[in-house]
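Below: one structure, written as structure tokens.
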Amino acid sequence: MLTNEQIKNKLIEKFGDVLTDFSEPYGMLTFEAPKDLNLKVMQFLYDDAELGFQFLTDLQAVHYPHDKGRELAVVYHLHNLKDNVRIRFKVFTSIEQPDVFTATKLYEAANWMERETYDFFGVNFIGHPNLKRVLNVDEMDYFPMRKEFPLEDQTRVDKDDEMFGRGGSFN
Amino acid sequence: MPTLTSRAKQVDRRPMSLAEKLYLPAIFKGMAITMIHVFKKKATINYPEQKRPFSPVFRGLHILNRDEEGRERCTACGLCAVACPAEAITMEGAERQPGEEHLYREEKYAAKYEINMLRCIFCGLCEEACPKDAIYLSETFAPSNFNRASFIYGKEELRIPHPKEDPEGYKKALGNRAKK
Amino acid sequence: MSEQVNTAQQFPGQVHDLPGGGIVLSKLDDVINWARSNSLWPLTFATSCCGIEMMATASAKYDFSRFGFEVARATPRQADVIIIAGTIVNKMAPVLKRLYDQMADPKYVIAMGACAISGGPFFYNTYSVVKGADHVIPVDVYVAGCPPRPEALLHALISLQEKIKMGMTREQIRTGKE
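Going down the list, the protein sequences come from chains V, X and Y.
Count along the first sequence from 1, add 830, and you get the number used in our numbering.
Count along the second sequence from 1, add 477, and you get the number used in our numbering.
Count along the third sequence from 1, add 5, and you get the number used in our numbering.
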């Protein structure tokens, strides 16, 4: 049976101290990797006979607007189907140049997930075969899940339906 | 190829026996299940004639409550409109004039109270927000209609029948939902 | 149900005995409307949670086949009424329009649930939701609720059926004018 401790030791043995921030929120091993090493880490997790993380469950991004230089975090969730162990690791990138290597060569499942991450956060996955919007309309020229947009003012009084595509007071 | 999981099962690919090759036992087995279901109790509820009882927590159309003397409870504080996630409630408050004490319980009342049923999601947050128990969600669902304007429910549609003038209607509308 | 509905459910083409002893035959129009109203096949257009409620309406407990909404078709070319069950997002709007265009006349549209009729909780502050399906295609019946009960959808379907039996065109149904 694979334990978090074993995975962590194996990773440190292979990559040394470039992997940082090891923690186990809710029992799930989480760590941070440098962004140009993301493919190497994934390849190691995939290929190693004992680790065998051959299933990418999820891939998404988080926007930390106040963390200068590392605003966007791309999070990978991996699953070992044999031992039923899950891990997750993050890769940080700046918002001015949000370039991350694509994982599509390793996991086919990453294709649409990366497109979705590009769609909502604008992460540019280098080497992706078809990086275009998947859920939003193609004409959209902004990335809606970035925290660039102010929260709504609760005291706002201009909530006229006419401004929101509905004329009159009753429809 | 190594198995991907530890729970993989080998598929049984032995040739079929004579009984299996005939297929008839399997067909009769299936037909028997069909026949059993013919004689079972029918699941269908004939909707317009028969009505299915709603769950006690079902949230349907809103009702603007009155107290026992028929005075409106709503004070137009606006808490329901703030709580509404779909922003479907609009209201206008007005001050109670002398001589209107039998109509409104407090000094302030809602002159206009509208719920846009097109936008309402029947979440019940207005009921939870109301400090005066003036609004609650009843056990009737909103009827469908052909034009949009009829979905704006004003005070006339929302108000509970007067307990003195129409005690039966009041009781019926009250149900067992309104807080006492 | 009221008596008026019962007479409407009578087959108009059959030979009625009149009190005076004579017989009368209905107009061909009435027969057509009767046939049309009792074979309204819906198109499944379930984009979100209202779709589950639409499936419940179609399945054994409520069973809309009893009223002639026989089977939900998965192709617009065989459907007469489109039940928009769920949120219409901007990306889905062209698809909805296209499906509607592909349906053969006479066609009817039912918008089910708060999202489809007005955008519901997504009315303000959203970047992706169409504020009501009637921005895209004309809607005949609106069903409020989030999601509406299967009874509410059945009510909508039956009331649409009655309007068709009365021989009303879509414009007349929508505007309420004879």
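Don't be surprised by glycine CBs; every beta carbon is placed ideally from N, CA and C.
- Message: Against chain X, with Cβ distances strictly below 7 angstroms, would L911(V) count as a contact?
- Response: At least one chain X Cβ lies under 7 angstroms of L911(V).
- Task: Specify the secondary structure class of D929(V) as computed by DSSP and reduced to three states.
- Result: Assignment of D929(V) by DSSP, reduced to helix, strand and coil, places it in the strand class.
- With 9 angstroms as the C-beta to C-beta threshold (strictly closer), list the residues of the region 566-583 of chain X near chain Y in chain order. Flagged: no residues at all.
- Task: Output yes or no for whether 7 angstroms exceeds the beta carbon distance between A63(Y) and A77(Y).
- Result: Their beta carbons are under 7 angstroms apart, which means A63(Y) touches A77(Y) by this criterion.
- Message: Tell me the DSSP secondary structure of D851(V) in three-state form.
- Response: Here D851(V) sits in strand by DSSP.
- Query: Going along chain X in order, which residues have a C-beta closer than 8 angstroms to the C-beta of Q836(V)?
  - Reply: The contacting residues do not exist; Q836(V) stays about 17 angstroms from chain X at best.
- Item | Extent of the continuous beta strand (DSSP E) run through L936(V) | Segment: none, L936(V) is in no beta strand (DSSP E) and carries neither H nor E.
- Message: Assuming L889(V) and L881(V) are in contact, meaning their beta carbons sit under 8 angstroms apart, how far apart are those beta carbons, in whole angstroms?
- Response: Going by Cβ atoms, the distance from L889(V) to L881(V) rounds to 18 angstroms, so no, they are not a contact pair.
- Note down the Cα distance separating L635(X) from H539(X), rounded to an integer number of angstroms. If I take the Cα positions, the gap works out to 6 angstroms.
- Whole-angstrom distance between M173(Y) and E642(X), CA atom to CA atom: Their Cα atoms are separated by approximately 40 angstroms.
- For the beta strand (DSSP E) containing I117(Y), list its first residue and its last residue. Going by the sequence as given, residue 117(Y) is Met instead of Ile. Y113 to M117 is the span of the beta strand (DSSP E), which, as asked, contains M117(Y).
- Looking at the C-beta of Y630(X), does it have a partner C-beta in chain Y at a distance below 7 angstroms? No, no contact with chain Y.
- Task: Let me know the secondary structure DSSP gives N954(V) once reduced to three states.
- Result: Strand at N954(V).
- Item | Residues within the region 36-57 of chain Y neighbouring chain V, beta-carbon criterion of under 9 angstroms | Against chain V - using a Cβ distance shorter than 9 angstroms - the region 36-57 of chain Y contributes no residues.
- Query: Are the region 539-548 of chain X and the region 577-584 of chain X in contact at 8 angstroms, needing three or more beta carbon pairs?
  - Reply: Contact holds: three or more Cβ-Cβ distances are below 8 angstroms.
- Counting pairs of Cβ atoms below 8 angstroms between the region 513-520 of chain X and the region 613-626 of chain X, do you hit three or more? They do not touch, by the three-pair rule.
- Task: Answer yes or no: do R900(V) and F919(V) have a C-beta to C-beta separation smaller than 7 angstroms?
- Result: No; because the gap between Cβ atoms is not below 7 angstroms, this pair is not in contact.
- Item | Near-chain Y residues of the region 595-624 of chain X - C-beta to any C-beta below 8 angstroms | Those residues of the region 595-624 of chain X placed with their C-beta closer than 8 angstroms to a C-beta in chain Y are L595, R596, C597, I598, F599, C600, F618, A619, P620, S621, N622, F623 and N624, ordered along the chain.
- Query: Looking at the unbroken beta strand (DSSP E) that takes in R916(V), where does it start and where does it end?
  - Reply: Element bounds for R916(V): V915 to T923.
- Message: Applying the 10 Å Cβ sphere with the 16-neighbour rule, what's the burial state of H958(V)?
- Response: So H958(V) counts as buried.
- Query: Going by the beta-carbon positions, is the gap between C551(X) and L541(X) smaller than 7 angstroms?
  - Reply: Yes; because the gap between Cβ atoms is below 7 angstroms, this pair is in contact.
- Report yes if the C-beta of G73(Y) is less than 6 angstroms from at least one heavy atom of the ligand MG; otherwise report no. With respect to small molecules bound, the structure shown includes none, and the ligand MG cannot be examined in it.
- Message: Quick check on the burial criterion: 16 or more other C-beta atoms within 10 angstroms. Buried or exposed for N839(V)?
- Response: Under a 10 Å Cβ-count criterion, N839(V) is classified as exposed, with fewer than 16 other Cβ atoms of the shown protein chains found around its own Cβ.
- Query: What number of angstroms, rounded off, separates the C-alpha of N834(V) from the C-alpha of A939(V)?
  - Reply: Straight through space, the alpha carbons of A939(V) and N834(V) are spaced by roughly 24 angstroms.
- Task: Flag V967(V) as yes if its beta-carbon sits less than 7 angstroms from any beta-carbon of chain Y, otherwise no.
- Result: Yes, contact with chain Y.
- Task: Starting from K170(Y), follow the alpha helix (DSSP H) in both directions and report where the run begins and ends.
- Result: Run containing K170(Y): P155 to K170, per the alpha helix (DSSP H) assignment.
- For the region 505-525 of chain X, which residues have a CB atom closer than 9 angstroms to at least one CB atom of chain Y, in sequence order? From the region 505-525 of chain X, only K519, A520, T521, I522, N523, Y524 and P525 have a Cβ closer than 9 angstroms to chain Y.
- Query: The beta strand (DSSP E) with P533(X) in it runs from where to where?
  - Reply: Segment: none, P533(X) is in no beta strand (DSSP E) and carries neither H nor E.
- Applying a beta-carbon distance threshold of less than 7 angstroms, which residues of chain V neighbour Y67(Y)? Result: empty, since nearest Cβ-Cβ is about 30 angstroms, beyond 7 angstroms.
- Based on Cα-Cα distance, which residue from F128(Y), S70(Y) and P143(Y) lies nearest to P562(X)? Among F128(Y), S70(Y) and P143(Y), the Cα nearest to that of P562(X) is on F128(Y).
- What residue from E843(V), N910(V), F951(V) and R986(V) has the CA that sits closest to Q927(V)'s CA? Checked all of E843(V), N910(V), F951(V) and R986(V); the closest Cα to Q927(V) is F951(V).
- Looking at chain Y, which residues of the region 968-984 of chain V have a Cβ within less than 7 angstroms of any of its Cβ atoms? Interface annotation for the region 968-984 of chain V against chain Y: P974 and E982, criterion Cβ-Cβ distance under 7 angstroms.
- Applying a beta-carbon distance threshold of less than 7 angstroms, which residues of chain Y neighbour A558(X)? Think of a sphere of 7 angstroms around the beta carbon of A558(X): no beta carbon from chain Y falls inside it, the nearest being about 13 angstroms out.
- Check the Cβ of T873(V) against every Cβ in chain X and list those closer than 9 angstroms, keeping chain order. It is worth fixing the name first, because residue 873(V) is Gln in this sequence and not Thr. Within chain X, no residue has its beta carbon less than 9 angstroms from that of Q873(V); the closest one is some 18 angstroms off.
- Query: Got a sec: is the Cβ-Cβ distance from T482(X) to anything in chain V below 7 angstroms?
  - Reply: Taking CB atoms only, T482(X) has a neighbour in chain V less than 7 angstroms away.
- Item | Among C603(X), E572(X) and M568(X), the one whose alpha carbon lies nearest that of E591(X) | Nearest option by C-alpha distance: M568(X).
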